[in-house]
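Residue numbers (this note's numbering): 387 to 963.
We put the CB at the ideal spot given by N, CA and C, even for glycine.
Please read all numbers here as calculations on a predicted model, not as lab measurements.
See below for the structure under consideration.
Structure follows, in structure tokens:
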């Protein structure tokens, strides 16, 4: 074997098995499976690695739908404008233009793959609805409120029909690099017994991260338990830049299950408000009317802040979403999944308002990429929620996430297959890491996960301040210092990844001294356009963080930085507000 792992890595046993591929895709949501299908169709040998089952990624939890200018009178230009407004001045406009221009045809290709969206019984036209921040009906949905599940079904069936190799129940660990510092595959741990179990390696000429989000860094989230920031953490240890992690979108309407509820919480889709549901307090007052021209359909950051302010004013733990006027038939046909979830928790939306409160939902930031999904590490791509393309800016527009995964997955596949056709190096051999070294990350215990979540919810949640963030940073440092060397294992690896992404999120939130989009600083309540730029974070070799800023709201070109900046002092920012 001629290649080797470089830089910081998780402490893990040497791989006991390996497979070779042209492309390894890590993740099985809309982004990962679209990349896999496109690359395989071009003749590449693809291996898909997924943390749970193939159809158990974050995509299947998406209720609302996928946004694209498909309706009569709608245009990409109007979609672009709504996206830029929601992004609060921090979108990369070229990335947004790419998204909205290529989006409609990408959705049509998804339909050709087998995804079945809800259609008008008479005309056969795709039914479209509205969500927050959209001035037109442009949200295509499936199964009423089961859009993600339908997209996942169609893509999984297509992947299986194409005979693409898949490795399930596999937690990705670290990036393998060749002697020139180019991505050469990944190490991973398969949770279970069989032909492949324990730590192994997939050696490949291109690595695509499509690992989803990091919602489990907070106590209450809409994200599944597997969303522990593994892709962002891997990229950081490999020397890649990440950006915009301070912009975590808290979904305004998550089913409130009580003050002590933890883990994944049921989402009440924005489409419920799109169809006419009202946000009210315990007195029935519609507090969003007059607060924004779109009232309950304002962008998510505005609605979440409106709910939090009203909760503070009344000393309440939650607000209510009132859709009793829908009637039983509409609930059963348009929102069957949400109806079932509410009733499972003793609430009947047909006859009573739904208690709701904001919860962590979506990471607008992630691994910084260009318009073809390339990160700052050669050969390493990122797509979907794990990536930061610049599309979402400071606040994602509702239902742009599935579209982003779809559009940029197609672009990644095109770039990867062009590179393969150009006759790049053969699939590189990758030497597994040896015994523990000073570069290895000290693993924190599995029980630290709950402590990290508590610290982040209290100090870096919907409401933040310098004081709360500094306290969170101190607590996270303490958790890291007190970490006793744990035996390698899934829970300790996940907790270690959560600790790293939590540290980056807090560092960025501390640096950004303004309120913008879904980043709300109580001690800096106004938007300051001196901060109309992105924060870029890398991990130094001594595991401290280097934070710099871009010169504008657009991203600079992707050029591989020197891996792990030196530790003698803080990194100089490109420009400082």
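Could you work out which residue in 852, 647, 928, 857 is closest to residue 911 when comparing CA atoms only? Just measuring C-alpha positions, the residue of 852, 647, 928, 857 sitting nearest residue 911 is 852.
Kindly indicate which three-state DSSP category residue 783 falls into: helix, strand or coil? Coil.
Check whether the stretch 402-421 and the stretch 585-595 touch, using three or more Cβ-Cβ pairs below 8 Å as the test. Verdict: yes, contact present.
Closest by CA to residue 920, which one among 930, 929, 939, 931? Sorting 930, 929, 939, 931 by C-alpha distance to the C-alpha of residue 920 places 939 at the top.
Cutoff 7 Å; reference residue 837; Cβ partners in own chain excluding five residues on either side: Closer than 7 Å at Cβ, skipping near neighbours: 865.
Near residue 896, what residues of its chain come up, given a Cβ to Cβ distance below 6 Å and the 5 sequence neighbours on each side ignored? Non-local C-beta neighbours of residue 896 in its own chain, meaning closer than 6 Å and more than five positions away in sequence, comprise 855, ordered along the chain.
Thinking residue 905 and residue 633 are a contact (beta carbons under 8 Å), I'd like their distance in whole angstroms, please. Residue 905 to residue 633, Cβ: 6 Å. Contact.
Can the beta-carbon of residue 402 be found closer than 7 Å to that of residue 533? When the beta-carbon positions are compared, residue 402 and residue 533 stay at least 7 Å from each other.
Within 10 Å of its beta-carbon, does residue 437 have 16 or more other beta-carbons around it, so buried, or fewer, so exposed? The residue is buried, with at least 16 neighbouring Cβ atoms inside 10 Å.
beta-carbon residue 494 near the ligand SAM non-hydrogen atom, thresh 6 Å: The ligand SAM is not among the ligands present in this structure, which contains no ligands whatsoever.
Taking its Cβ as the centre, do 16 or more other Cβ atoms sit within 10 Å of residue 504, making it buried, or is it exposed? By the neighbour-count rule (16 or more Cβ atoms within 10 Å), residue 504 is buried.
CB residue 627 to CB residue 754, shorter than 7 Å? With respect to the 7 Å criterion, residue 627 and residue 754 are classified as neighbours on the basis of their beta carbons.
Within the stretch 395-448, note down every full beta strand (DSSP E) run reaching 3 residues or more, in order along the chain. Qualifying beta strand (DSSP E) stretches, in chain order: 404-406, 409-412, 432-435.
How far does the beta strand (DSSP E) with residue 1035 in it extend, from its first residue to its last? Nothing about residue 1035 can be reported from this structure: the residues present for the chain run from 387 to 963 only.
Suppose you measure from the CA of residue 803 to the CA of residue 728; what does that come to, to the nearest Å? Residue 803 and residue 728 have their C-alpha atoms some 45 Å from each other.
Suppose only complete runs of 4+ residues qualify. What are the alpha helix (DSSP H) ranges in the stretch 872-943, listed by chain order? You should have 876-897.
Just the C-alpha distance for residue 654 and residue 778, rounded to the nearest angstrom, thanks. Computed Cα separation, rounded: 21 Å.
Residue 428 and residue 550: beta carbons closer than 7 Å? Between residue 428 and residue 550, the gap from beta carbon to beta carbon reaches 7 Å or more.
Between 924, 515, 434, 893, which has its C-alpha nearest residue 845's C-alpha? When the alpha-carbon of residue 845 is set against those of 924, 515, 434, 893, the nearest one is in 893.
Cut-off 8 Å between Cβ atoms - residues of its own chain near residue 489, not counting five sequence neighbours on either side: Non-local beta-carbon contacts of residue 489 in its own chain, meaning distances under 8 Å to residues more than five positions away in sequence, involve 453, 454, 455, 462, 465, 789, 792, 793 in chain order.
Note the first and the last residue of the continuous alpha helix (DSSP H) segment covering residue 838. Counting along the chain, the alpha helix (DSSP H) containing residue 838 begins and ends at 834-845.
Pairs of beta-carbons, one from the stretch 926-939 and one from the stretch 472-490, closer than 8 Å: are there three or more? The stretch 926-939 and the stretch 472-490 touch, with no fewer than 3 CB-CB distances between them shorter than 8 Å.
Indicate whether residue 784 and residue 519 have their beta-carbon atoms separated by less than 7 Å. Yes, Cβ-Cβ distance for residue 784 and residue 519 is below 7 Å.
Measuring alpha carbon to alpha carbon, tell me which of 522, 561, 762, 567 ends up nearest residue 623. Of 522, 561, 762, 567, the smallest CA-CA separation from residue 623 is found for 561.
Tell me where the beta strand (DSSP E) around residue 708 begins and ends. For residue 708, the enclosing beta strand (DSSP E) stretches over residues 705-708.
Between the alpha carbons of residue 616 and residue 737, how many angstroms are there, rounded? Going by the C-alpha atoms only, they are around 42 Å apart.
Please state whether the Cβ-Cβ distance between residue 887 and residue 618 is less than 7 Å. Pairing residue 887 with residue 618 gives a Cβ-Cβ distance under 7 Å.
So, using beta-carbon positions, are residue 667 and residue 705 closer together than 7 Å? In this structure, residue 705 lies closer than 7 Å to residue 667 by Cβ.
Mark residue 945 as exposed unless 16 or more other C-beta atoms lie within 10 angstroms of its C-beta, in which case mark it buried. Label assigned to residue 945: exposed.
For residue 754, three-class secondary structure by DSSP: DSSP, reduced to helix, strand and coil, places residue 754 within a strand of the structure shown.
Starting from residue 464, trace the alpha helix (DSSP H) in both directions and tell me its first and last residue. Boundaries of the alpha helix (DSSP H) harbouring residue 464: 462-472, taken from the DSSP string.
Of the choices 478, 613, 917, whose alpha-carbon is the least far from that of residue 879? With distances taken between Cα atoms, residue 879 lies closest to 613.
Mind checking who residue 502 pairs with in its DSSP beta bridge? Per DSSP, none; premise fails for residue 502.
Assigned exposure category for residue 665 - 16 Cβ within 10 Å defines buried: That one is buried.
Return the first residue and the last residue of the alpha helix (DSSP H) that residue 539 is part of. Where residue 539 is concerned, the enclosing alpha helix (DSSP H) stretches over 533-547.
From the DSSP secondary-structure annotation, give me the bridge partner or partners of residue 452. In the DSSP output, where bridge partners are listed per residue, residue 452 has 526.
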